[in-house]
Amino acid sequence: MSYKKFFPYFQNSTMTYLDNGATTQKPQSVIDSEIEYYTHYCANTHRSNFGDANKATIEFENTRKHLQQFINAKDSSEIIFTKGVTESINFIANSFAKDFKTVIISSLEHHANIVPWHMQNRTLGEGLEVVGYKENFAFDFEEFESLLQKNPNSFVSVTHISNVFGTINDIKKICTLAHKYDSYVMIDGAQSLAHTKIDVQDIDCDFFTVSGHKTFAPTGVGAIYIKQELQDKIAPYQTGGATIKSVTYEKSELLPSPYRYEAGTQNIAGVIGFAKALQLIDTIGYETIEKQEHTLYEYLHNELEKIEEVVLYNTTKDSVGSKSFNIKGLLHDDVGILLDKQKIAIRVGHHCAMPIMEKLHLKGTIRASLAFYNEIEDIDKFITALKKAISMLKD
Ligand code: PMP
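The sequence shown begins at 27 in our numbering and counts up by one.
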């Protein structure tokens, strides 16, 4: 079955889209729901009390409930809407996590989970520790445990799935180990929800960040899951309208979670659209999505492996979504230009992960990133174009 029929981009563009790690395409249902909000009941939420405003509030809160069930959070107060993973991480970094003596991250982090810690004047070995990796970029649990032994009561912030290599970290094991040493865990789930089922209670993380636009929802919307037990301990990152119970010239009294964390007018259309994206995943089912993506990823890996000039960095085992590689003797940028000329959408560069590039002595990679709507034919087109680019650049 072709899932592309749900996504109007594929009827309107001639590009072969393999840049899902950057953002995903949006289904018609998401686009329609945004149009519906703006054309039929555009009003602010949680404020006015007329019909359209009430409908907007109900739809907005329905997404919260939907996301709660979708990631198996215990209570809807645990779901806080943000602009995306970057804002979610910045929120916690600048409130709950800022006073921890040590923050522990992995080697495969996106800049979104590195720069906020540097901005707190943490440097390597001085408030910031980085867990190394073993073969195939596997998270080094021995090094992690030794860091936790030396630094109990740390704040751990790690990616679930690498946006560069598609490596999947065993986040449940990371949480178990961190909790053993009285530490808290935040998961960067930017690359997760589009590919795999998330159950925050089973993972037992303290924070889980979600990106809407990488999960078939509109841009500018995301969320953070905050474990209920922690809510009283977390100061809001921003405050203002909609966060308060009462304000006098003397003092402000905040509402409980989630409202105390959602200052100002939210991306209402985006949040409402997010529910439609989740609905599509519900309809297709993660089992189907995971199976389809595994087939595609393995095929992509095998086809790349057949090209003599290709340098691969990891195998397909425990990887999903993103696949990075280089071409011996050629610049990734040059390959990217020739792929674009042949209507192939991929990303070349450091993928907002400069530290791992530096560690591997690379300036960048060529990255193809998949979603469930991709087809074998997309990979065939990409491989044909890649071979052509290689032969043109080598001549
Ligand atoms: N973390 C990872 C692993 C990512 O891939 C990205 C987006 N490229 C982000 C964080 C930032 O996410 P957002 O665009 O939702 O802010």
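Backbone N, C-alpha and C fix where the C-beta goes; we use that ideal spot for every residue, glycine too.
Discussion item. Please give me, in chain order, every unbroken run of the alpha helix (DSSP H) with length at least 4 that falls completely inside the segment 157 to 230.
Written reply: 167 to 176, 197 to 206 and 226 to 229
Worksheet item: Going by the beta-carbon positions, is the gap between SER348 and ARG393 smaller than 8 Å?
Response: Position 322 of the sequence shown, counted from the first residue, corresponds to residue 348. Position 367 of the sequence shown, counted from the first residue, corresponds to residue 393. Yes, Cβ-Cβ distance for SER348 and ARG393 is below 8 Å.
Fill in: SER133, DSSP secondary structure in three states
Sequence index remark: in the sequence shown, residue 133 carries index 107 (1-based). Correct three-state label for SER133: coil.
Worksheet item: According to DSSP, which residues form a beta bridge with SER417?
Response: By one-based count along the sequence shown, residue 417 stands at place 391. Paired residue(s): none; SER417 is not in a bridge.
Worksheet item: Whose C-beta lies closer than 7 Å to the C-beta of ILE140 among residues of the same chain, with five residues either side of it excluded?
Response: Indexing the sequence shown from 1 puts residue 140 at position 114. The residues are ILE131 and PRO381.
Discussion item. For MET41, tell me which candidate among ILE370, HIS376, GLU384 and MET418 has the shortest Cα-Cα distance.
Written reply: Translated into positions along the sequence shown, residue 41 becomes position 15. Answer by Cα proximity: ILE370.
Item to complete: Give a yes or no on whether 8 Å exceeds the smallest Cβ distance from CYS201 to chain B.
Response: Considering every chain present, this structure includes no chain B. It has just one protein chain.
Worksheet item: Among all the DSSP beta bridges, which residues are the ones paired with PHE107?
Response: By 1-based counting over the sequence shown, the position of residue 107 is 81. As DSSP reads the structure, PHE107 sits in a beta bridge with ALA249.
Discussion item. Applying the 10 Å Cβ sphere with the 16-neighbour rule, what's the burial state of SER183?
Written reply: One-based indexing of the sequence shown puts residue 183 at position 157. With 16 or more Cβ atoms within 10 Å of its Cβ, SER183 is classed as buried.
Item to complete: Note down, in chain order, each residue of its chain lying with its Cβ closer than 6 Å to the Cβ of LEU326, except the 5 sequence neighbours on either side.
Response: The count along the sequence shown starts at 1 and reaches residue 326 at position 300. The beta carbon of LEU326 lies closer than 6 Å to those of LYS349 and ILE405 in the same chain, with the five residues before and after it left out.
Practice prompt. Could you tell me if ALA99 is buried or exposed, where buried requires 16 or more neighbouring beta carbons within 10 angstroms of its beta carbon?
Written response: The sequence position of residue 99 within the sequence shown is 73, counting from 1. Looking at its Cβ environment, which holds 16 or more other Cβ atoms inside 10 Å, ALA99 is buried.
Item to complete: Kindly confirm or deny that the segment 206 to 219 and the segment 227 to 236 touch, where touching means at least three C-beta pairs closer than 8 Å.
Response: yes
Worksheet item: Going by alpha carbons, who is nearest to LYS302 out of GLY238, GLU168 and CYS201?
Response: For the purposes of this step, residue 302 is taken as the residue at position 276 of the sequence shown. Nearest C-alpha to LYS302: GLY238.
Item to complete: Pull up the DSSP beta-bridge partners for TYR43, would you.
Response: Against the sequence shown, residue 43 aligns to sequence position 17. Answer is ALA371, bridged to TYR43.
Practice prompt. Return yes when at least one heavy atom of ligand 1 lies under 7 Å from the C-beta of ASN189, else no.
Written response: Here residue 189 corresponds to residue number 163 of the sequence shown, with the count starting at 1. Yes, the Cβ of ASN189 comes within 7 Å of a heavy atom of ligand 1.
Worksheet item: LYS81 to LYS198, Cα distance in whole Å?
Response: Residue numbering aside, residue 81 sits at position 55 when the sequence shown is read from its first letter. Residue numbering aside, residue 198 sits at position 172 when the sequence shown is read from its first letter. For LYS81 and LYS198, the distance between alpha carbons rounds to 38 Å.
Worksheet item: For ILE270, does the three-state DSSP call read helix, strand or coil?
Response: Your numbering for residue 270 matches position 244 in the sequence shown. Shown here, ILE270 sits in a strand according to DSSP, grouped into three states.
Fill in: Rounded Cβ spacing between TYR263 and PHE117 (contact assumed at less than 8 Å)
Start at 1 with the first residue of the sequence shown, and residue 263 comes out as number 237. Start at 1 with the first residue of the sequence shown, and residue 117 comes out as number 91. So it is a contact: roughly 4 Å between Cβ atoms.
Worksheet item: So what does DSSP say about THR65, is it helix, strand or coil?
Response: As a working note, residue 65 is residue 39 in the sequence shown. THR65 falls in the helix class under three-state DSSP.
Discussion item. Please tell me whether, using a cut-off of 7 Å, the distance from the CB of SER237 to the nearest non-hydrogen atom of ligand 1 is below it.
Written reply: As a position in the sequence shown, residue 237 is number 211, starting the count at 1. At least one heavy atom of ligand 1 is nearer than 7 Å to the Cβ of SER237, so yes.
Discussion item. Quick check on ASN98: does DSSP put it in helix, strand or coil?
Written reply: Within the sequence shown, numbered from 1, the residue matching residue 98 stands at position 72. Under the three-state reduction of DSSP, ASN98 is assigned to coil, being neither helix nor strand.
Worksheet item: Does the segment 308 to 328 come close enough to the segment 66 to 75 to have 3 or more Cβ pairs within less than 8 Å?
Response: no
Worksheet item: How many angstroms separate the CA atom of ILE200 from the CA atom of HIS186?
Response: Reading the sequence shown from its first residue, position 174 is the one you call residue 200. Reading the sequence shown from its first residue, position 160 is the one you call residue 186. Distance between the alpha carbons of ILE200 and HIS186: 10 Å.
Worksheet entry | Check whether THR89 and ILE298 have beta carbons under 8 Å apart | Counting from 1 along the sequence shown, the entry for residue 89 is found at position 63. Counting from 1 along the sequence shown, the entry for residue 298 is found at position 272. A contact, by the Cβ cut-off of 8 Å.
Item to complete: Quick one: grab the DSSP three-state call for PHE117.
Response: What you label residue 117 is simply residue 91 of the sequence shown in a count that begins at 1. PHE117: helix per DSSP, three-state reduction.
Practice prompt. Throw me the rounded Cβ distance for the GLY246 and ASN293 pair, which I believe falls under 8 Å.
Written response: Counting from 1 along the sequence shown, the entry for residue 246 is found at position 220. Counting from 1 along the sequence shown, the entry for residue 293 is found at position 267. Confirmed, about 5 Å.
Worksheet item: What are the boundary residues of the alpha helix (DSSP H) that includes PHE234?
Response: Your numbering for residue 234 matches position 208 in the sequence shown. Not the alpha helix (DSSP H): PHE234 falls in the beta strand (DSSP E), residues 233 to 237.
Practice prompt. Assign ARG393 to one of three DSSP states: helix, strand, or coil.
Written response: Counting from 1 along the sequence shown, the entry for residue 393 is found at position 367. Strand at ARG393.
Practice prompt. Closer than 7 Å by C-beta to HIS92: which residues in its own chain qualify, once you throw out the five before and the five after it? Chain order, please.
Written response: The sequence position of residue 92 within the sequence shown is 66, counting from 1. Hits under 7 Å: ALA301 and LEU304.
Worksheet item: Looking at C-alpha atoms only, which residue of ILE402, PRO34, ILE115 and TYR43 is the closest neighbour of GLY248?
Response: Position 222 of the sequence shown, counted from the start, is the residue given in the question as residue 248. If we check each option's Cα against that of GLY248, ILE115 comes out closest.
Discussion item. Between the alpha carbons of VAL142 and ILE194, how many angstroms are there, rounded?
Written reply: Translated into the one-based positions of the sequence shown, residue 142 becomes position 116. Translated into the one-based positions of the sequence shown, residue 194 becomes position 168. Val is not the amino acid found at residue 142; the sequence shown has Pro there. PRO142 and ILE194 have their C-alpha atoms spaced approximately 23 Å apart.
Worksheet item: Where does VAL273 land, buried or exposed, given buried means 16+ other C-beta within 10 angstroms?
Response: The residue given as residue 273 occupies position 247 in the sequence shown. VAL273 should be labelled exposed.
Practice prompt. Go ahead and pull the three-state DSSP assignment for SER348.
Written response: The residue labelled residue 348 in the question sits at position 322 within the sequence shown. Looking at SER348 - three-state DSSP - the assignment turns out to be strand.
Worksheet entry | Cβ separation of THR155 and LEU173, assumed to be a contact under 8 Å, to the nearest whole Å | The count along the sequence shown starts at 1 and reaches residue 155 at position 129. The count along the sequence shown starts at 1 and reaches residue 173 at position 147. Reading the sequence as shown, one finds Glu at residue 155 and not Thr. The pair is a contact, with the Cβ atoms about 5 Å apart (cut-off 8 Å).
Practice prompt. Note down the Cα distance separating HIS144 from ALA138, rounded to an integer number of angstroms.
Written response: Walking along the sequence shown from the start, residue 144 turns up at place 118. Walking along the sequence shown from the start, residue 138 turns up at place 112. Distance between the alpha carbons of HIS144 and ALA138 is about 11 Å.
Worksheet item: Straight-line CA distance for ALA119 to ILE416?
Response: Taking the sequence shown and counting its residues from 1, one reaches residue 119 at position 93. Taking the sequence shown and counting its residues from 1, one reaches residue 416 at position 390. ALA119 and ILE416: Cα-Cα distance of roughly 43 Å.
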